[in-house]
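Participant:
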Amino acid sequence: MQVMRYISGKVSAVWFFYADGFRKMTVGRQLWIIILIKLAVIFLFFKVFFFPSTVEGDTDSEKSRFVTERILNHSTAE
Amino acid sequence: MNDLISVVDWSRAQFALTAMYHWLFVPLTIGLSLIVGIMETIYVRTGDERWKGITKFWMTLFGINFACGVATGIILEFEFGTNWSNYSWFVGDIFGAPLAIEGILAFFMESTFIAVMFFGWKKFSKGFHLAATWLTAIGVCLSALWILIANAWMQYPVGMEFDPAQMRNVMSDFWAVALSPVAMNKFFHTVTSGWVLGGVFVIGVSAWLLWRKSNVDAARKSIKVGAWVGMAGILLTLMTGHGSAQQVAKVQPMKLAAMEGLYNGGRGTGLVAVGIVDTEKEDVTCKIEFPKMLSFLAYNNFDAYVAGINDIIAGNGADAAGQPVNTVSYADRIALGKEAHKALQAFNEAREAGNETEMAVAREVLSSTYPYFGYGFFEKAEDAVPPVAISFYSFHIMVALGGYLLLLFAAMLWLSYRKTSLLEKPWVHWIAIISIPLVWICSEAGWVLAEVGRQPWTIQDILPVNAAISSISSSSVKLTFWMFAVLFTILLVAEISIMLRQIAKASHSDIESPNK
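Protein chains in written order, with my numbering: chain Z, 1 to 78; chain E, 1 to 516.
Dropping the structure here:
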């Protein structure tokens, strides 16, 4: 019980340390907005609309066969 | 075929754009983290509150730069999956492991200690806070280490075996990958060049404060720290640059020949200081060169043999001591590469048929020809030559600016200790301010050389870029290239304006006051 109380005390101290720090940020707010814009645009928008999964196959074996064909397609060997 | 070239070229352009954008932030993070650590150490050792104020000012600029660079590295890793999925599959865990370690380190180590750096001034002891600052600086370097290990492996693939059944390279020796001499040299060269960039940034911003006649004492103190860090950085960068040239001569001789525009080599080869590359005539015209210096740079021997592009194609190279030796000609490499492809095809057909004997035979042929696997994708030897002009000019821009920066740091140290009155002259301020974009050009040129000079390979000798590409349409890549270009430009303007606003604020306040 005492251990649990000690751990929860530590966790809440860390939580309040970060929460307090973020609350007092000034320049940091604008920077967080920039970071979130980057992540949203890159991961949500681009991934969903422009780049579907490019290695086809459900299993590793199917995927390796797909990549083998793709790579050997570029080969100049007859 | 045209669509393939288009996808490859646009994907390369997109990756280059993202990498160059990312690299605007990384070296400053490396350099400023060290400078902030030094400044805070002075504060803790002397107890002088003015140093605390100075530390907090530079720490804020470090924080802005760090945050601006945060997500850009992730975009690069993302592009490996979207645009270069053949490559990503083919390299398997060898490339993934260092990137994963970097991700974990970056997330846990840097984010934890950066929080203490920024939020913990009044919550932790001086000693603990200082430790967090240094651990952030170390974390930044460790992140760089793993990324550079991954990059070095592409330039010098070691510690792996190719498994045709998985169509993957499998790591056989982690330490060979992690401690490869190319990786180690690349790491120190990159980190110390970050110190150079950080030093110039601090000197330039401080010079601007001096020009505005604001925070004169803090600016002078900062210039001293910036100049010492920059001087140490540039000397170490020169040393590691020499090491890098020796590594390149050994493992990527074609890159060395391209960066010097050397088509026909020989003994006691000179190093071009300035010149114009004529790729038609296969020569460098209007050149001024340092006699025998390329031989020395590559082999520590003024009379060593350095192979040119045509020599390497013909199968003439140099051994580790710089003596001429016969190597495998590019015509033979192409033939061996094609043999490797046929063996891979035969292996797959035997596997489909369940013929173990044929599989074993094909595997043996593949194993012996695999070092030339990548050459099987080419029709002619010239396809395996990097763009000579870009390699040449990026190398010479980097070296020329590096020489200028050495003089700048020497001058700033001399002015800071011997001729302090000259530090009040506006022309001195403007030289320092103009040096800020120059150091970035120098740093970017270094990476242009590293990456263009190794073309056409994604993995040296094993996989060229045209075989590494994903199965995607060129219109998607073109469209996203321009969207990236617009997005990055807008973000860069926003990020630079935040940085400039913060610097401008300093000219209206006393940065030596720690509780401002």
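Every residue gets a Cβ at the ideal spot worked out from N, C-alpha and C, and that includes glycine.
Report the rounded CA-to-CA distance for I94 (chain E) versus I74 (chain E), giving the unit in angstroms.
Facilitator: 18 Å
Participant: Taking the alpha helix (DSSP H) that T458 (chain E) belongs to, which residues open and close that run?
Facilitator: First-last for T458 (chain E): W457 to I459, but that is the beta strand (DSSP E), not the alpha helix (DSSP H).
Participant: Quick check on M4 (chain Z): buried or exposed, where buried means 16 or more other Cβ atoms within 10 Å of its Cβ?
Facilitator: M4 (chain Z) should be labelled exposed.
Participant: Check each candidate in E:R501, E:M160, E:A360 and E:D332 and name the one with the smallest Cα separation from S564 (chain E).
Facilitator: What the structure shows of chain E is the stretch from 1 to 516, and residue 564 (chain E) is not part of that stretch, so it cannot be assessed.
Participant: Within 10 angstroms of the Cβ of R29 (chain Z), are there 16 or more other Cβ atoms? Answer buried if so, exposed if not.
Facilitator: exposed
Participant: Counting along the chain, where does the alpha helix (DSSP H) carrying A67 (chain E) start and finish?
Facilitator: E49 to G69
Participant: Report yes or no: is there a C-beta of chain Z within less than 8 Å of the C-beta of H341 (chain E)?
Facilitator: yes
Participant: K338 (chain E) by DSSP, collapsed to three states: which one?
Facilitator: helix
Participant: State the Cα-Cα distance for the pair A411 (chain E) and K281 (chain E), rounded to the nearest angstrom.
Facilitator: Distance between the alpha carbons of A411 (chain E) and K281 (chain E) is about 41 Å.
Participant: For D311 (chain E), count neighbouring C-beta atoms within 10 Å of its own C-beta (all shown protein chains included) and say buried if the count is 16 or more, exposed if not.
Facilitator: Flag for D311 (chain E) reads buried.
Participant: Compute the Euclidean distance between the alpha carbons of L406 (chain E) and L500 (chain E), then round it to the nearest angstrom.
Facilitator: 26 Å
Participant: Grab the span of the alpha helix (DSSP H) containing I75 (chain E) for me, first residue to last.
Facilitator: From DSSP, the alpha helix (DSSP H) with I75 (chain E) extends over T72 to T82.
Participant: Whose Cβ in chain Z lies nearer than 7 Å to the Cβ of V70 (chain E)?
Facilitator: I35
Participant: Determine the direct distance from the alpha carbon of G204 (chain E) to that of S435 (chain E), and round the result to whole angstroms.
Facilitator: Each residue's alpha carbon lies about 7 Å from the other.
Participant: Is G21 (chain Z) close to chain E, meaning its C-beta is less than 8 Å from at least one C-beta of that chain?
Facilitator: yes
Participant: Taking the alpha carbon of E62 (chain Z) as the reference point, which residue from E:M167, E:L148 and E:K122 has its own alpha carbon closest?
Facilitator: Considering only alpha carbons, the answer is E:M167.
Participant: In whole angstroms, what is the alpha-carbon distance linking G322 (chain E) and F395 (chain E)?
Facilitator: 22 Å
Participant: For F17 (chain Z), decide whether its Cβ has a neighbour in chain E, counting only Cβ atoms nearer than 8 Å.
Facilitator: yes
Participant: Decide if G354 (chain E) is buried, meaning its Cβ has at least 16 other Cβ atoms within 10 Å, or exposed.
Facilitator: exposed
Participant: How about R29 (chain Z): is its C-beta nearer than 8 Å to some C-beta of chain C?
Facilitator: Here the protein chains are Z and E, and chain C is not one of them.
Participant: What does DSSP give as the partner residues of I288 (chain E) in its beta bridges?
Facilitator: Looking at the DSSP assignment, I288 (chain E) forms a beta bridge with E:V274.
Participant: I'd like to know if R5 (chain Z) contacts chain E, where contact means its C-beta is closer than 8 Å to some C-beta of that chain.
Facilitator: no
Participant: Which of the residues in the segment 97-124 of chain E, read from start to end, lie with their CB under 8 Å from any CB of chain Z?
Facilitator: A115, F118, F119, G120 and K123
Participant: Thinking S474 (chain E) and S143 (chain E) are a contact (beta carbons under 8 Å), I'd like their distance in whole angstroms, please.
Facilitator: With 8 Å as the limit, S474 (chain E) and S143 (chain E) do not qualify as a contact, their Cβ atoms being about 33 Å apart.
Participant: Would you call the segment 258-265 of chain E and the segment 299-316 of chain E in contact, with 3 or more CB pairs under 8 Å?
Facilitator: yes
Participant: Using a Cβ cut-off of 8 Å (strictly closer), state whether T54 (chain Z) contacts chain E.
Facilitator: yes
Participant: On the three-state DSSP scale, how would you describe A316 (chain E)?
Facilitator: Correcting the residue type first, residue 316 (chain E) is Asn in the shown sequence and not Ala. If DSSP states are grouped into helix, strand and coil, N316 (chain E) belongs with the strands.
Participant: Just to make sure I have the definition right: I need the residues of chain E whose C-beta is within less than 8 Å of the C-beta of L72 (chain Z). Which are they?
Facilitator: H341, L344 and Q345
Participant: Would you call the CB atoms of V465 (chain E) and R12 (chain E) closer than 8 Å?
Facilitator: yes
Participant: Using the Cβ count rule (16 or more neighbours within 10 Å means buried), how would you classify F66 (chain E)?
Facilitator: buried
Participant: Counting C-beta neighbours from all protein chains within 10 Å, is the total for H189 (chain E) 16 or more, i.e. buried, or is it exposed?
Facilitator: Buried.
Participant: Write down every uninterrupted run of the beta strand (DSSP E) in the segment 392-464 of chain E whose length is 3 residues or greater and which is fully enclosed by it, in chain order.
Facilitator: 457-459
Participant: Quick check: what's the CA-CA separation for K224 (chain E) versus P181 (chain E)?
Facilitator: 34 Å
Participant: Out of curiosity, what's the CA-to-CA distance linking P164 (chain E) and P324 (chain E)?
Facilitator: 35 Å
Participant: Could you compute how far the alpha carbon of F124 (chain E) sits from the alpha carbon of C68 (chain E)?
Facilitator: Taking the CA atoms as reference points, F124 (chain E) sits about 27 Å from C68 (chain E).
Participant: What residue ranges within the segment 79-122 of chain E form continuous alpha helix (DSSP H) runs of no fewer than 4 residues, ordered along the chain?
Facilitator: 85-105 and 111-119
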